[in-house]
Structures are given as C-alpha cells and as structure tokens.
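There are 2 protein chains.
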Amino acid sequence: MIAEPLDAVFTALADPTRRAILARLATGTATVNELAAPFPISVQAVSKHLAVLERAGLIVRTREAQWRRCRLDPAPLRTLAEWVDKYRRLWDDRYDALDNYLRDLEETHNEQTP
Amino acid sequence: MIAEPLDAVFTALADPTRRAILARLATGTATVNELAAPFPISVQAVSKHLAVLERAGLIVRTREAQWRRCRLDPAPLRTLAEWVDKYRRLWDDRYDALDNYLRDLEETHNEQTP
DNA sequence: TGTATATTCAACCCGAAGGTTGATTAACCC
DNA sequence: GGGTTAATCAACCTTCGGGTTGAATATACA
C-alpha cells in the first residue's frame, strides 16, 4: 500500500483542534497568534498543527513582515469529496442491489406461499 | 471541544489498511479471515482495525455461526460528504470573493494608468 | 465428547502524535 | 544598535495507535 496524499488529509482532519483552525480560516486568513488565541494550548502546539495542515496541502503560509499569514487551500477538499462520492456511489449501488435482492426474495416467497 | 463522531470517522479513514478493507467490503460482505487474507499482518491486527471501523459506524458485524460477517454502513460517509461540501462551498465562496477583489484592483489600476 | 476453526481478549513493544518549556531566528521600531 | 514581537526549532514527556504473540471463547463437526 503506497503512502497516499489521502493519508495526510484524513490524518489532518482527524484532530478537532485542526478542524477548528480550518473553521476559523474559512472566515478569512489569520496569523499564527490569531489562530492560537482561542485555544488553551501554547502557540508552539498550534504551530505544529499548522505544519500538519500545510503538509496535507489544506493551508498555505506566506511571510508578511514578522508574521506568517495562513490561508486555506480547498484543493485537497475536492480530492476528498471525490473519494467520498466514489465510495458513496459504490455503496449506495450495493444497497440498491441488496434491496432488490431482498425484494426478489420476498416476491418469490409470496409466490410460494400465496 | 466536544468529542465529535466526525473524529472517529476521520481517524478510521486515515489508515490505508482500513481504507483497503473498506474497498474490499465495497464489493460485498466478508468474514474477518477473508478480510485479513490479503494483508501481511495478523488476523488479530485486522480484528482491531475492524473494531475501529465499527466504532466509527462504517461497518456492521453480525454473528453467523462461528464467523463474523462484516458489511459496510454508508451512513457516516453521508455525514462526511456533508461536512466536506459545507467547507468546500465556504472556501469556494471565499475564493470567488478574492477573485472579484483582485479583478476590481486590476480594473482600478487600469483606469488610473490607461 | 473431543477436536478443529473463527474470532476476540490480554499483555506487551515500539514509534508517532500532541503537549510542554526554553532557546533561536527574523523582522519591525525607537 | 538594542529592545520587542512573531514564529519556529529543539529537547523532552506522556499518551495512543498499530503491531506482535499467546490464551480464551464460541461454534461446528466427527
């Protein structure tokens, strides 16, 4: 099993702190200190979280004087959505197939015991 | 930060072995041994993976003689798709806003330096 | 009843993940 | 240049996740 970029994205999103950071960034860009403010953890810890998000391609950090401005990059979300949709379709199809199968069983049963 | 069910789903999907198990189950139900066969790890390790998937609600295990038959449950995937779509929409909107902003800047610039 | 098979439980190992504190780098401002 | 602020780097601690092996449980079968 090759290491997929999907690993990094799912791993990044598995942490509630990181999802909260993304939620904050969805309302606009922010610096590391601004992002860290609402959390009861150190700025260094938040900095680590940002590194994880950056590795997953979910955010981009740019230098701006002594600040690092963070902004979202929705690209990996598209990949994720494709993955989810693919599986949902597969599974829904299977469920449809199962439904049909059960319906057939039912009908056959009804025919045998009218 | 309350522990969300989303945590369990993202965590479950972060592991490539577990995603492979889901891929296998997308083609139909299977027993633990059947699921374990393709992997170079022990049956016990696979059993643990299945527990993680079950906790996330992604699979259901039913007793069948001495076997445990596993089947997918696509429900959490729907929740996930909703989450992803919500964020994608938010972010795409922001990007549209940024695009418009940059376009406005450009136009203003062109007016000032014709 | 006894044995084989399927699966889980329990105890353990090891490395990675999330947190801390302290030091370092980089840019601004007086 | 000297001091302040923003952020990262480095070292460390503790918890958790994925793996192992060995024992226990449950069911089928002869």
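Chains as they are written, first to last, in this note's numbering: chain A, 1 to 114; chain Y, 115 to 228. Glycine included, C-beta positions come from ideal geometry on N, C-alpha and C.
Would residue i be called buried (16 or more neighbouring beta carbons within 10 Å of its own) or exposed?
i                     : result
residue 132 (chain Y) : buried
residue 9 (chain A)   : buried
residue 36 (chain A)  : buried
residue 62 (chain A)  : exposed
residue 119 (chain Y) : exposed
residue 155 (chain Y) : exposed
residue 157 (chain Y) : exposed
residue 112 (chain A) : Residue confidence is low: residue 112 (chain A) scores 38 on pLDDT, short of 50, so the model does not pin down where it sits. No coordinate-derived value is stated.
Could you check whether the Cβ of residue i sits closer than 8 Å to any Cβ belonging to chain A?
i                     : result
residue 174 (chain Y) : no
residue 144 (chain Y) : no
residue 188 (chain Y) : yes
residue 125 (chain Y) : yes
residue 192 (chain Y) : yes
residue 160 (chain Y) : no
residue 130 (chain Y) : yes
residue 138 (chain Y) : no
residue 149 (chain Y) : no
residue 202 (chain Y) : yes
residue 195 (chain Y) : yes
Between residue i and the rest of its own chain, which residues show a CB-CB distance below 7 Å, the 5 nearest in sequence each way excluded?
i                    : result
residue 59 (chain A) : 25, 50, 53, 70, 71, 72, 73
residue 46 (chain A) : 32, 35, 36, 39
Might you give, ordered along the chain, the residues of its own chain that have their beta carbon closer than 8 Å to the beta carbon of residue i, omitting 5 neighbours on each side?
i                     : result
residue 126 (chain Y) : 132, 166, 167, 169, 170, 172
Can you pull the DSSP bridge partners for residue i?
i                     : result
residue 155 (chain Y) : Beta-bridge pairing links residue 155 (chain Y) to no other residue.
residue 63 (chain A)  : A:68
residue 144 (chain Y) : Y:184
So, is the C-beta of residue i closer than 8 Å to a C-beta in chain Y?
i                    : result
residue 84 (chain A) : yes
residue 4 (chain A)  : yes
residue 67 (chain A) : no
So residue i packs on residue j, CB below 8 Å; how close in whole Å?
i                     : j                     : result
residue 128 (chain Y) : residue 7 (chain A)   : 6 Å
residue 67 (chain A)  : residue 191 (chain Y) : Not a contact, Cβ separation roughly 39 Å.
residue 84 (chain A)  : residue 189 (chain Y) : So it is not a contact: roughly 13 Å between Cβ atoms.
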